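Here is the structure we will look at, set down as structure tokens.
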Amino acid sequence: MGSLIKLELKKMLFKKRILIIWMGILFLSFISIRAFSMEETYADLFSKSYGLVPFMGILMFMIFSGAYTLEYNSNMSGIIKTTKNGRKSIVIAKSIASVIGASILNLSIFFTLCLSAFTKFKFAGLDIPLKNLWYFGNSESDITVIQMILIMTFTIVLGSFFFAQIGLFLSSISNSAAIPFVFGGLIMGLPYILEGFVKNMGLGKYLGATPLWTMMSCQLIRYKIPMSMIGIFIVIFIGAMTILPKLTYDSFMKNN
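Rendered as structure tokens:
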């Protein structure tokens, strides 16, 4: 299983176009943080971490979209299905590799932003409370910068897990990589695109129940999202993690 996971991870991450786009986004992430005052710069860190979400989505669904395409287009799926343990092994390996790959991509972008901000002040000021930063000006939160970064590290991995299952399911039901890329991107990106519209309607708190805002948990603190919305996402997460892997497996077995 370990070798299969490594192979799937290599297929996802070490494509030339993925590496080029990935390196370009990392460069953009590093130079996007500018040297203001300490509090201004750390506020900019969290602002940019959410602002770069579209790039995270592009990279993620680029690696998810072709997860089953090679097997379908080369008729390898038929061979895999006839092997004793090939069916479950390939689905499990793709799932694990996708979570690891997405986490690596997303955390590398986030940590590059953090490194760019930290090095401007020699890692000082990490104990500044969020309520002192303009980005969290109305939150009244006593959570510190470093604590928020640790929380976001966890939630980014959690979000990567969620979006990986969505991406794999969409890939398993299509022979084309375009469909999971487009529809997966929409599922992730709609809260980002419609944020202003939803807030203007007075429904901003409901964005806290979306996978995107839970993944980028700085938004939950910034807008003081009630725990009930976070609870709704937990229910959605558990349901999705229970149902999607099974649907992906069933779809893979039925696709010729």
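According to my numbering, the sequence shown is numbered sequentially starting from 397. The C-beta atom is built at its ideal place from N, Cα and C for all residues, glycine as well. Keep in mind the model is a prediction, meaning the values are calculated, not measured.
Measuring C-alpha to C-alpha distances from residue 494 to each of 515, 542, 457 identifies 457 as the nearest. In this structure the stretch 554-563 lies against the stretch 636-648, because at least three pairs of beta carbons, one per stretch, are closer than 8 angstroms. Annotation for residue 440: the continuous alpha helix (DSSP H) segment containing it runs 434-447.
With a cutoff of 9 angstroms on beta-carbon distance, residue 537 and residue 460 are scored as not near each other. Per the C-alpha coordinates, the member of 571, 535, 553 positioned closest to residue 647 is 571. Excluding the 5 residues flanking it on each side, residue 431 has same chain C-beta neighbours closer than 6 angstroms at 516, in chain order.
Residue 540 has 525 as its beta-bridge partners, per DSSP. Taking the Cα positions, residue 510 is about 7 angstroms away from residue 441. Look at residue 548 here: in three-state DSSP terms it is helix. Under the criterion of beta carbons closer than 8 angstroms, residue 526 and residue 617 qualify as touching, at roughly 6 angstroms. Collapsing the DSSP output to three states places residue 508 in a helix. If you compare the alpha carbons of 612, 407, 619 with that of residue 595, the shortest gap goes to 619.
Cβ atoms of residue 613 and residue 548 come within 8 angstroms of each other, at about 6 angstroms. A Cβ-Cβ separation of about 5 angstroms places residue 512 in contact with residue 426 under the 8 angstroms criterion. Residue 445 sits buried, since 16 or more C-beta atoms from the chains shown fall within 10 Å of its C-beta. Taking the Cα positions, residue 626 is about 30 angstroms away from residue 514.
Remark: C-beta atoms of residue 562 and residue 545 do not approach each other more closely than 9 angstroms. According to the DSSP assignment, residue 400 belongs to the alpha helix (DSSP H) that extends over 398-409.
At a Cβ-Cβ threshold of 9 angstroms, residue 598 and residue 615 do not count as neighbours.
With fewer than 16 other Cβ atoms inside 10 Å of its own Cβ, residue 420 counts as exposed. The C-alpha of residue 586 lies about 15 angstroms from the C-alpha of residue 601. Here DSSP, grouped into helix, strand and coil, assigns residue 534 to coil.
In the three-state reduction of the DSSP assignment, residue 562 falls in the helix class, which pools H, G and I.
For residue 487, the CB contacts under 7 angstroms within the same chain, skipping 5 residues up- and downstream, are 644, 645, 648 in chain order. By the neighbour-count criterion, in which 16 or more other beta carbons inside 10 Å mark a residue as buried, residue 416 falls on the exposed side. Take the alpha-carbon of residue 610 and the one of residue 423: they are about 26 angstroms apart. For residue 596, the enclosing alpha helix (DSSP H) starts and ends at 591-596.
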